[in-house]
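Encoded as structure tokens, the structure appears first; notes follow it.
Numbering (this note's numbering), first residue to last: 456 to 547.
Here is the structure:
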């Protein structure tokens, strides 16, 4: 979560769970505020552990310059490039 006050409230309305843990200084600050500090953010340790898998896959796609910079004007052409990159990544 970010340190912005509006971001957690918007994410809780949408029922989005946090993937990263709450920083320790924010935990202390929230606890010092007592009941006005709000609830602790939901944190899924399993999702946090698997987060690097998604990040590494996205980094492989960034090696494809046209995908990283979105050179294609049409979404269909961009999707075709993404599918091609995914197939080649899967075969490698």
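Positions of the beta carbon are idealized from the N, C-alpha and C atoms, including for glycine.
These figures come from a predicted structure and were not determined experimentally.
Using a threshold of 7 angstroms, state whether the C-beta atoms of residue 536 and residue 546 are closer than that. Numbered from 1 along the chain shown, position 81 holds the residue referred to as residue 536. Numbered from 1 along the chain shown, position 91 holds the residue referred to as residue 546. No, the pair does not count as a contact, with Cβ atoms beyond the cut-off.
Selection from 528, 527, 519 that minimises the alpha carbon distance to residue 541: Translated into positions along the chain shown, residue 541 becomes position 86. It is 519.
Alpha carbon to alpha carbon, how far is residue 511 from residue 524? Give it in angstroms, no decimals. Within the chain shown, numbered from 1, the residue matching residue 524 stands at position 69. Within the chain shown, numbered from 1, the residue matching residue 511 stands at position 56. Their Cα atoms are separated by approximately 18 angstroms.
Write down every uninterrupted run of the alpha helix (DSSP H) in the stretch 476-517 whose length is 4 residues or greater and which is fully enclosed by it, in chain order. 479-487, 500-504, 506-517
Using the C-alpha atoms, what's the distance from residue 496 back to residue 471? To locate residue 471, count along the chain shown from 1; it is residue 16. To locate residue 496, count along the chain shown from 1; it is residue 41. So the two alpha carbons sit approximately 10 angstroms from each other.
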